[in-house]
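*Asks:* Numbering (our numbering), first residue to last: 115 to 380.
1) Nearest-angstrom Cα distance between residue 274 and residue 116?
2) Residue 205 and residue 136: beta carbons closer than 9 Å?
3) Helix, strand or coil, according to DSSP, for residue 348 in the structure here?
4) To the nearest angstrom, report how far apart residue 292 and residue 332 are at their CA atoms.
5) Spell out a yes or no on whether the segment 337-355 and the segment 265-284 are touching, meaning 3 or more CB-CB pairs, one atom from each, closer than 8 Å.
6) Need the endpoints of the alpha helix (DSSP H) that residue 221 sits in, please.
7) Going by the beta-carbon positions, is the gap between residue 371 and residue 334 smaller than 9 Å?
8) Within the continuous alpha helix (DSSP H) that includes residue 363, where are the two ends?
9) Using the C-alpha atoms, what's the distance from residue 152 back to residue 337?
10) Out of 226, 290 and 278, state which residue places its alpha-carbon closest to the alpha-carbon of residue 238.
11) Is it right to say residue 295 is buried, meaning 16 or more other beta carbons lie within 10 angstroms of its own, or is it exposed?
12) Check for me: the beta strand (DSSP E) holding residue 339 runs from which residue to which?
13) Considering only DSSP beta bridges, list what residue 289 is partnered with.
14) Closer than 7 Å by C-beta to residue 235: which residues in its own chain qualify, once you throw out the five before and the five after it? Chain order, please.
15) First and last residue of the beta strand (DSSP E) that includes residue 309?
16) Return yes when the C-beta of residue 169 is under 8 Å from any heavy atom of the ligand MN, and no when it is not.
17) Taking residue 330 as part of the beta strand (DSSP E), name the residues at either end of that continuous run.
18) What number of angstroms, rounded off, separates the C-alpha of residue 310 from the C-alpha of residue 270?
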């Protein structure tokens, strides 16, 4: 189980903000001060929603602006901005006397919410024995959720950099259910590569090499588009290896979603 280390920092900081905000509200005597604190805490909580919102709006994760935002290091910390609102509500509910039950409920709600962006590897951890298989310079995925790490390993190989499905899955906090595309981009950036999230309708317009989103029936999947030679597409699929497909053959096999993660060396 590979858990994002920022998770622990988020828990500590959220508890700190909860305590501070609760004390500030307690010592705010004037009515307008309390109102200002409530409004400010509400605004901060709304900002924090930018992190777990993809659990509700699934397609938002493929939006280039949102994915680029999430790929920046430490953006997960924005989740702690929910703590002042819960601390403020806690103080309002315990104005006259301490209530351990209310305090406990507030803390459970806050810590559960703060845990949301980090929950997948905890709830559904990825198996440890990834096989790191290769076929004709294409990384072959071991599990249903490691198509992203395998696709990035294939692009690294294309550029002459050695890496593995297992290592990239660890760095991208892959769970048994999925890999977040922004963690792939963040890791690529750490390894000296530029990345660009794009939404492109036509396969012929995609810059190569790139990780692209497709659907196999009802299942989402990442594959790598290595090259486009006058309409003959060189595809690296971590399920089946390398193939050369015409547009018609591609459309018979895949349903392209428009998602593109273009990777280039710096």
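For every residue, glycine included, the Cβ atom is placed at its ideal position computed from N, Cα and C.
*Replies:* Taking the coordinates as given:
1) 27 Å
2) yes
3) strand
4) 14 Å
5) yes
6) 214-229
7) yes
8) 361-367
9) 47 Å
10) 290
11) buried
12) 333-343
13) 239
14) 115, 116, 117, 287 and 289
15) 307-313
16) Judged by which ligands are present, the structure shown has none, so any question about the ligand MN falls away.
17) 324-330
18) 15 Å
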